Amino acid sequence: MVITEYGDETEAEQALRSLLLPAFGDEIEKLNRIDRWWRWNPKPIRLRRATPEHRMLRDMGHTPWLRLVVTTIAQTLYLEGVDIPGKADTDSARAFWHPWVENRMGRKQVALHKTAIAYGSAYAAVRAVKSPQGGVHAGIDCYSPRESIAVYDDPAKDAFPQAFMRLRRLSPESCSYELWDSWNVWQWKRENGAYEFVSATPHLATDPYGNPVCPVVRYTNDLDLQGRAPGEVEPFIPLANRLNKDNYDRLLAQHYNSWKVRTATGLDMTELSDAERADRKARLSQEDILTGGEGVQFGTLPETTLSSLIEAKQADVEELAAVSQTPTTAFGKMVNVGDAGIAESRAGFYAKRDERQKSFGVSHMDVLRLAAGIEGRVDDARNFDLTPIWEDTDVRTINQAVDALGKAAQMLGVPKEQLWDMIPGVSKSRADSWREWVETHPDADTLAMQAYQAQLASAVDDGADQ
C-alpha cells in the first residue's frame, strides 16, 4: 500500500487528469454495457428485412434475466450486527455499530451489494463530518464504479487505494470531481471544459495503526490473485442474449404460424386485378365459408409446433441457473421434491452466498474500523476479532428453527440466550434487548442460585477470617 499526498491543487489536478480520468475512461464503456444488460435495456438483436411487427416482437421478448441473477443473491445479504468476542456487554458492540445506523447503511447496503455483484466492484468512502453536537463523526457514502474509480498499487493485496475519484454529473455541460488521497478530499467543478478548484477538506481517516490512508473500501464480487473482479452480469451476457433470441423465435412462430392455414387451389380469379384479389382476401373472416366450382380443391396446412421452441428455451434457462449457481426456482421452475432434494438443489447457491458474505463482511468491518478511528475509538479501530452477523434468510419455518435450537440447548448445553439471534425474524438488537431484560428481571431459579452463591461466599469469608 502506498501513501499518496498531493501538495497543492495544481499537483492534485494533474493527478486527476493524467491518472484517474484516463483509468476511468478505460473502464466506462465496459461498465455501460454491463449496465444495459443489468437494467434490462440491452442493444436490440439486429434483424434483416425487419418489419415493424418483427421489431415489436423482438422488443417484447426482452426479459431481465441477469437482473434476476443479481437480485437473487443480493436478497440473501443483509448485515444486521457485529459480534465482539470476549465482551459480554452490549455497549461496546453498540458503539462500534453506531456509525452504521447513523449513516443509514441498513438501506444503503442493499444498493451497495447489488452494485458490487452486478459490476464486480463498488466502493464505500469514510470521512469526518461535523457533528451538530460539536466535534466530528464518521460519514459513510457508497459509490458505483460507473461514477468513480480507485487506483491501487497492488489491486489484489492492498486494503486501501492510492487515490480515489468520484465524478458527479450536475448538468449536460457541467460536472464535479472529487479526488481522495491519504490526507484530503480535493474538489473541482468543470463547466464548458474549464476546471475550477473548489476546496480541499481533510478527511481525518487513518488505518488501525494511525497511518494516513485513502479511506475508501472496495467491495468485490469475485476478486482473484491478479486483482480481477468480474461481476454476475458480464460472463452471462451471451447466454442472456440467447434467451432473448429464444423468446423472439417463439413469439415469431406464435404470431404468424400458431394456427392452421386453409388453402384453396383451382379458383379462377384471372379476370381480377392484383388489387382486387388482395381486397377479396382482406374481406375474408374466420367464419366465412368458401365454395368453388369444378377443379377447386380445399386443404389445410398444419400450425407450427411450439414445444421444441419452449424446450430449447427451458434448456437455456437451466444452463443459466447452473453456470450462475442460481436456483431454478428463481426462474419460475417448480420442482416437486422433498426437503433433502431442495437442500441439495440449493447447495451451490448457499455456497455462493457464503462466499459473498465472507468478502463483503471483511469490507464492512474495514469501513466500521475507519469510522471508529475518525471518532477516536482507538481500541475499536484496532479490533480485528470482529465477526459480522448476517440476517438468516434461509427458507425455514419458525417451528423447525425453534425445535432445532431447543435441541441444541437441551442436548448440547448451548446457552439458550446465545441462540436467540438465530431465530428467524429476530434481529441482533432485539435479541440484545431480550438479554438485557433477563438480566434485570431474573427468574426464581436465578434468584435462588444467586442467594446460594452469596451464602457460599459468606461461609468461605468466615472461615478465612478465623
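Going by our numbering, the first residue of the sequence shown is number 61, and it counts up by one from there. Ideal placement from N, C-alpha and C gives every residue a C-beta, glycine not left out. All figures in this text were calculated on a predicted structure; none of them were measured in a lab.
For the segment 68-145, list the alpha helix (DSSP H) runs that are entirely contained and at least 4 residues long, ordered along the chain. 69-75, 81-98, 112-120, 125-134
In the DSSP assignment, what residue or residues form a beta bridge with T280? S181
Give the DSSP bridge partners of E238, in chain order. R226, Q247
Taking just the CA atoms, how far does E233 sit from N252? 6 Å
Alpha carbon to alpha carbon, how far is G291 from L465? Give it in angstroms, no decimals. 36 Å
Where E233 sits in the DSSP three-state scheme: coil
Are the segment 203-211 and the segment 254-270 touching, with three or more C-beta to C-beta distances below 8 Å? no
Mind checking which residues open and close the beta strand (DSSP E) that includes I449? 447-450
Cβ pair N304, G180 closer than 7 Å: No. Outside cutoff.
What's the gap between the Cα of Q222 and the Cα of A289? 18 Å
Local conformation of S493 per DSSP, three classes: helix
Which of the three DSSP states, helix, strand or coil, is assigned to R437? When DSSP states are grouped into helix, strand and coil, R437 belongs to the coil group.
Name the residue from N271, T365, H501, P205 whose alpha carbon lies nearest to the alpha carbon of Y183. For the residues N271, T365, H501, P205, the minimum Cα distance to Y183 belongs to P205.
Starting from the C-beta of L527, find all residues in its chain whose C-beta is less than 6 Å away, skip the five residues before and the five after it, and write them out in chain order. The structure shown has nothing for residue 527, since the chain only spans 61 to 526.
Buried versus exposed call for D439 [16 or more other C-beta atoms within 10 Å across all chains shown]: exposed
Can you tell me whether T506 is buried or exposed, with buried defined as 16 or more other CB within 10 angstroms of its CB? exposed
Starting from the Cα of F409, find the closest Cα among M394, T386, M165, E499 and give me that residue. T386
Terminal residues of the continuous beta strand (DSSP E) containing V161? Careful: V161 lies outside any beta strand (DSSP E), inside the alpha helix (DSSP H) at 151-162.
Taking only the alpha-carbon atoms, compute the straight-line gap between A441 and S493 and give it to the nearest angstrom. 25 Å
Residue environment, D477, which counts as buried when at least 16 other CB atoms sit within 10 Å: First, the amino acid is wrong: residue 477 is Glu here, not Asp. The residue is exposed, with fewer than 16 neighbouring Cβ atoms inside 10 Å.
Where D68 and S78 are concerned, what is the direct C-alpha to C-alpha distance, given to the nearest angstrom? 16 Å
Grab me the residues of A216's own chain with a C-beta within less than 8 Å of its C-beta, minus the 5 sequence neighbours each way, in chain order. L283, D284, L285, Q286, G287
Taking the beta strand (DSSP E) that L361 falls in, what are its first and last residues? From DSSP, the beta strand (DSSP E) with L361 extends over 357-361.
Any idea what DSSP makes of A517, helix, strand or coil? helix
Residue closest to V189, alpha-carbon to alpha-carbon, out of E162, K168, I177: E162
If I measure Cβ to Cβ from R187 and keep anything under 6 Å in the same chain, skipping five residues before and after, which residues do I get? Contacts found: G199, H263.
Taking 7 Å as the threshold (C-beta atoms), are W450 and V293 in contact? no
Taking only runs of the alpha helix (DSSP H) that begin and end inside the segment 458-487, which ones reach a length of at least 4 residues, in chain order? Within the segment 458-487, the complete alpha helix (DSSP H) runs of at least 4 residues are 458-472.
With a CB to CB cut of under 7 Å and the five nearest residues on each side skipped, what residues in its chain are close to E498? It should be noted that the sequence gives Val, not Glu, for residue 498. Excluding residues within five positions, the ones whose Cβ falls inside 7 Å are E477.
Here's the rule I'm using: 16 or more other beta-carbon atoms within 10 Å means buried, otherwise exposed. How should P145 be labelled? Here P145 is exposed: its Cβ has fewer than 16 other Cβ atoms, across all protein chains shown, within 10 Å.
Which two residues bound the contiguous alpha helix (DSSP H) that contains R302? 297-317
Can you give the Cα-Cα distance for P295 and G121, rounded to whole angstroms? 21 Å
Using 8 Å as the threshold, is the segment 224-233 in touch with the segment 107-117, meaning 3 or more CB pairs across them? no
Do you know whose CA, among K168, R127, R115, lies nearest E48's CA? Residue coverage of the chain in this structure runs from 61 to 526, which leaves residue 48 outside it and unanswerable.
Under a Cβ-count criterion, where at least 16 other Cβ atoms within 10 Å of its own Cβ denotes burial, should V383 be classed as buried or exposed? exposed
Cβ pair Y279, F391 closer than 7 Å: no
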